[in-house]
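Per this note's numbering, residue 162 is the first one in the sequence shown, and the count goes up by one each step.
See below for the structure under consideration.
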Amino acid sequence: MSQKMIAPELFRPPVDFPDVPYDRLLRMAAERHPDRTAMIYHDVHLTYREVVSMVNCVANGLHKLGLRKGDRICLLTLNRPEYTITFIAAATMGIVVSPMNPAYKEREVGYQLENSEAQAILVQRELLPLLQTVLAQKSLPNLKHIIVTGDTEPEGMPNAISFSRLIHESSPKHPPRVDISTDDLVALPYSSGTTGFPKGTLLTHRNLTSNNLQFTTALRANLTDVALIFLPFYHIYGVMLTGSFLACGGTQVIMERFDLLQSLELCEKHAVTYYFVVPPIVLALANAPVDLSKMKSVKYIFSGAAPLPMDPARKLQEKCNALVVQGYGMTEASPLTHAQPADPALIRIDSVGMPVHNTEQKIVDIETGTRELPPGEDGEIIIRGPQIMQGYWKAPEETANALRDGWLYTGDIGHVDADGYTYIVDRKKEMIKYKGFGIAPAELESLLMEHPAVLDSAVIGIPDDEAGELPKGYVVIRKGFEDVTADDILSFANGKLAGYKKVHMIEFIAAIPKVASGKILRRELKDMEKARRAAKEQ
């Protein structure tokens with residue numbers, strides 16, 4: 162049967178997911194398969210029975226410290242089992258978890274601790290000096306408890322306790338029962354914040370539980386699957402992966418951070434079936450002068466968090482047997498909203514697939530946000546489903562702008578084709594306005610990447626008195642192509658574009674500024690241009 166003959170709704174029928182608190186997904190998996198391996202971290206192998214016992218110990222330990230339902234705990238560590246175990250233990254007690262980026266500097270750590278009003282923090286021992294500097298600079302009266310990874314007690318910190326002591330002085334029996342509604346908050350992740358400070362996102366038990374099950378159902382992940390997870394746990398993408406592979410009874414192999422050669426070794430050693438990435442890693446794999454045969458057990462290379470450039474994606478697909486696919490989501494949706502069809506024959510690598518189970522979407526006109534657009538026409542993507550956030554923490558105006566009549570206005574621009582596949586074009590706020598026309602930077606970036614000399618690219622609009630804005634490209638040149646000129650690249654790109662979309666100038670740059678997930682920090686490029694203009698005017 163051809164793709165055009167298959168109705169989109171057949172891919173994602175409604176599913177009756179259990180409406181349970183977040184920790185129940187792990188506990189139900191452990192009841193079914195107590196002796197299966199849940200986590201592998203270096204030489205440590207933890208079964209589901211052991212993970213549940215550790216979760217109970219930490220939950221009892223948090224209760225003993227005096228933490229109660231509605232309190233908040235920040236997690237400031239690299240990827241490691243203590244992170245996930247503490248997350249689920251906190252959820253068991255109704256405590257709200259606020260993941261924190263371990264790459265943060267003092268100002269950012271202090272902001273999140275203060276803004277979230279956190280009563281406790283789990284901190285990796287190597288990051289303790291960072292926290293101590295924050296505490297010396299800033300008054301944080303709410304922060305009463307500091308839990309430090311490792312076995313020894315931190316010196317000179319009376320309100321600190323080692324993770325080892327927290328576990329060993331607590332019971333592995335089920336902690337005191339807490340009356341938890343699935344409408345209660347469970348997580349307060351902060352969005353990446355490419356402009357100004359990030360916003361806290363209010364996610365409930367139902368949001369995360371639903372999304373874990375939407376993810377495993379859409380991907381058909383089960384207890385036979387092994388996921389390699391090096392994407393950061395503090396990012397909502399990492400939160401989804403750790404929770405989902407516990408929910409389905411699978412095994413997760415944990416890496417503190419991405420290392421290409423080590424990831425290949427682990428794929429072979431543990432027969433990894435799911436390899437989760439962001440676009441920069443697709444680029445690294447596609448261009449790496451290494452044999453990818455150690456990935457022979459991998460079924461899917463799943464990319465998310467930023468648009469996937471097609472040239473490296475197709476190049477990687479040619480190098481390995483795994484299917485290269487992309488999905489779509491955002492912190493405000495816990496995060497997954499779109500995934501590819503389960504049938505490999507129906508995957509379209511340049512799309513993000515279709516809405517996951519129990520998720521609705523509309524494409525609406527950018528100006529009013531109310532008129533629904535037909536297939537093929539670009540507009541703002543709006544989403545409705547059980548995974549959608551409750552709002553932003555302490556930000557009623559931003560909440561009212563993002564959530565309207567039960568729909569999340571994503572700020573992303575895209576369209577649906579005649580078969581129901583969704584294509585992301587760009588961010589609404591980053592559209593370039595040229596003589597009244599809207600130009601998507603991501604479209605131009607993808608085209609620039611097709612030039613054989615271009616390793617990476619970014620496009621922004623720069624002010625112009627006549628046109629409003631002119632598209633300017635920044636490109637990173639591959640080794641061996643140093644002789645290429647800006648005019649060469651302009652001629653290549655502009656020969657494939659409508660007149661109003663043409664790139665007006667190219668600048669060579671050593672690296673494109675990006676956040677950890679791979680999203681381009683166009684704001685940094687715009688600030689650089691603004692500083693240049695200001696210097697010229699002086």
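Where a beta carbon is used, it is the ideal one built from N, C-alpha and C, also for glycine.
- Around the beta carbon of ALA190, 16 or more other beta carbons lie within 10 angstroms, which makes this residue buried.
- Counting only unbroken stretches of 4 or more residues, the alpha helix (DSSP H) elements lying wholly within the region 604-679 are 647-655, in sequence order.
- Taking C-beta separations shorter than 7 Å and ignoring five residues to either side along the sequence, the partners of LEU407 in its chain run LEU186, LEU187, ALA190 and ALA199, following chain order.
- Taking each of VAL451, GLU316 and SER607 in turn and checking the Cα distance to ALA654, the smallest one comes out for SER607.
- Distance from the CA of LYS687 to the CA of ALA672, rounded to the nearest whole angstrom, comes to 15 Å.
- VAL309 is positioned such that its CB atom lies no closer than 7 Å to that of SER331.
- Rounded to whole angstroms, the gap between the alpha carbons of MET550 and THR365 is 7 Å.
- Between the alpha carbons of GLY361 and ASP644 lies a distance of about 47 Å.
- If only uninterrupted alpha helix (DSSP H) runs of at least 4 residues are considered, those enclosed by the region 410-464 are 421-431 and 440-448.
- Listed in chain order, the alpha helix (DSSP H) elements of length 4 or more contained wholly in the region 349-402 are 366-380.
- The alpha-carbon of THR245 is positioned some 11 Å away from that of LEU402.
- Here DSSP, grouped into helix, strand and coil, assigns MET261 to coil.
- Residue state for GLU521 is assigned as strand, using DSSP reduced to three classes.
- The Cβ atoms of LEU223 and MET254 lie closer than 7 Å to each other.
- In this structure, LEU605 sits away from VAL636, with a CB-CB distance that is not shorter than 7 Å.
- HIS576 is a Cβ neighbour of GLU538, given a cutoff of 7 Å.
- Here DSSP, grouped into helix, strand and coil, assigns ALA321 to strand.
- Between the region 265-278 and the region 231-243, the count of Cβ pairs shorter than 8 Å is three or higher; the stretches touch.
- By the Cβ neighbour-count rule, LEU421 is exposed, with fewer than 16 other Cβ atoms within 10 Å of its own.
- Between HIS431 and VAL459, the C-beta spacing is not below 7 Å.
- The alpha-carbon of ARG268 is positioned some 44 Å away from that of VAL176.
- The residues ALA199, in chain order, have a CB closer than 6 Å to that of VAL212 in the same chain once the five nearest residues on each side in sequence are set aside.
- LEU469 sits in coil when the DSSP states are folded into three classes, being neither helix nor strand.
- In the displayed model, HIS499 falls within a strand according to three-state DSSP.
- Between SER652 and TYR584, the C-beta spacing is not below 7 Å.
- Contact between LEU453 and LEU446 holds: their C-beta atoms lie close to 7 Å from each other, under 8 Å.
- For GLY641, same chain residues with a beta-carbon under 7 Å away, outside a window of 5 residues either side, do not exist.
- Rounded to whole angstroms, the gap between the alpha carbons of GLU192 and HIS396 is 28 Å.
- A Cβ-Cβ distance of about 17 Å is found for the pair PRO263 and LEU296, leaving them out of contact under the 8 Å criterion.
- In the three-state reduction of the DSSP assignment, THR208 falls in the strand class.
- In the three-state reduction of the DSSP assignment, THR238 falls in the coil class.
- Look at the beta carbons and you see the region 553-571 not touching the region 501-516: under three pairs across the two are nearer than 8 Å.
- Between THR498 and ILE544, the C-beta spacing is below 7 Å.
- Contact between the region 484-501 and the region 371-384 is established, with three or more Cβ pairs separated by less than 8 Å.
- Judged by their CB atoms, ASP625 and LEU616 are not nearer to each other than the 7 Å cut-off.
- For TRP568, DSSP records a beta bridge to ARG565.
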